[in-house]
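Per the numbering used here, the sequence shown runs over residues 25 to 290.
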Amino acid sequence: MKLTPEQLATFEEQGYIFLPEAFTPEEVEVLRREAEQIYRSDRPEVWREKSGAPRTAFAAHTYNEAFRILGAHPRLIEPVEQFFGEKLYMHQYKINAKAAFDGEVWQWHQDYGTWARDDGMPEPRAMNISVFIDEVMPINGPLMLIPRSHTHGTLPAGHDKQTTSYPLWTLDHDAVAKLVDEGGIVAPTGKPGSVLMFHGNLVHGSAGNITPYPRKIVYLTLCAVSNHIRKPTRPEWIAHRDFTPIETVADDALTAYARSGRLAAE
Numbered sequence: 025m026k027l028t029p030e031q032l033a034t035f036e037e038q039g040y041i042f043l044p045e046a047f048t049p050e051e052v053e054v055l056r057r058e059a060e061q062i063y064r065s066d067r068p069e070v071w072r073e074k075s076g077a078p079r080t081a082f083a084a085h086t087y088n089e090a091f092r093i094l095g096a097h098p099r100l101i102e103p104v105e106q107f108f109g110e111k112l113y114m115h116q117y118k119i120n121a122k123a124a125f126d127g128e129v130w131q132w133h134q135d136y137g138t139w140a141r142d143d144g145m146p147e148p149r150a151m152n153i154s155v156f157i158d159e160v161m162p163i164n165g166p167l168m169l170i171p172r173s174h175t176h177g178t179l180p181a182g183h184d185k186q187t188t189s190y191p192l193w194t195l196d197h198d199a200v201a202k203l204v205d206e207g208g209i210v211a212p213t214g215k216p217g218s219v220l221m222f223h224g225n226l227v228h229g230s231a232g233n234i235t236p237y238p239r240k241i242v243y244l245t246l247c248a249v250s251n252h253i254r255k256p257t258r259p260e261w262i263a264h265r266d267f268t269p270i271e272t273v274a275d276d277a278l279t280a281y282a283r284s285g286r287l288a289a290e
């Protein structure tokens, strides 16, 4: 899945691009089913809200075959390789839940701010590319982005350890208000299988989910191999130390896995 020159230019200018329904319903269904199994497990990688509802599951590509395949899928790896012009490694991998009724807020932040401060990543040559596992709607806590905010570089941030169960380097209200005055706010929504790719310094956040509709999104944090982290402070399953370049799987690998599971169950 190569990006066009127009898409690359849009990414450079706005800090993100949205690719609707890049994965098929069959591919998404196996991911949704296995994500729900992971959330029910008692693993240290599964981080929970204060209510006990799942918030995120880290490193699923290391213990689940469907998510291993997704973590090396050419529809996700190739566009980021194209942008950085070199091979990538997996810095972080997570399945964010935003559970029905109980999904908490993600405060306004820049991802690279955390990668630099907590992991010793030298430059913002890493980004998130995500896959919607459920339909993301205006009402169930979509990710909100501030277009062009990535052009301001890495901004000052405070370490918020109180608001939610997950500590985060967050921006203050005045900084966010100034960025929104300049760039506005967008909230990409779409069907399961849609893909969102955004710059490591793009300011973003999401409101809580009080609807009956869950909002699961898988995030691959892909980093240029030459930009690997130098001083990690977080567990390996949050900030990976394996800098081996990712080799992509076949484009139909996830479909084949889904069909093999279905045949085995018959």
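Even glycine gets a Cβ: it sits at the ideal position worked out from N, Cα and C.
- At the C-beta level, D184 and Q134 stay beyond 7 Å of one another.
- Short of 7 Å from the beta carbon of I234, and not among the five residues preceding or following it, lie these beta carbons of its own chain, in chain order: F125.
- When Cβ pairs closer than 8 Å are counted between the two stretches, the region 137-152 is seen not to touch the region 197-208, the count staying below three.
- Counted as a single uninterrupted DSSP element, the alpha helix (DSSP H) harbouring A90 occupies residues E89 to L94.
- Per DSSP, the beta bridge partners of A248 are L112.
- Boundaries of the beta strand (DSSP E) around P78: P78 to F82.
- Around the beta carbon of S218, 16 or more other beta carbons lie within 10 angstroms, which makes this residue buried.
- In terms of CA proximity to M161, A231 leads the group A231, R64 and G177.
- For the 7 Å CB-CB criterion, A81 and V70 form a contact.
- When A282, M151 and P191 are compared, the shortest CA-CA separation from Q106 is found for M151.
- When the alpha-carbon of H228 is set against those of V249, G214, D276 and G39, the nearest one is in G39.
- The alpha carbon of P212 has as its nearest neighbour, out of T34, L43, L27 and G95, the alpha carbon of L43.
- Between P148 and N88, the CB-CB gap reaches or exceeds 7 Å.
- Three or more beta-carbon pairs separated by less than 8 Å link the region 89-105 to the region 240-256, which places the two stretches in contact.
- The residues P256, in chain order, have a CB closer than 7 Å to that of R265 in the same chain once the five nearest residues on each side in sequence are set aside.
- When secondary structure is reduced to three states using DSSP, I62 falls in the helix class.
- Within the model, the alpha-carbon separation for M168 versus A282 is close to 31 Å.
- Approximately 16 Å separates the beta-carbon atoms of P269 and Y117; this is outside 8 Å, ruling out the contact.
- In this structure, the straight-line span from the alpha carbon of Y237 to that of E159 is close to 9 Å.
- DSSP lists no bridge partner for H85.
- Between the C-alpha atoms of R239 and A199 there is a straight-line separation of about 28 Å.
- For H252, the number of other beta carbons within 10 angstroms of its own is at least 16, and it is reported as buried.
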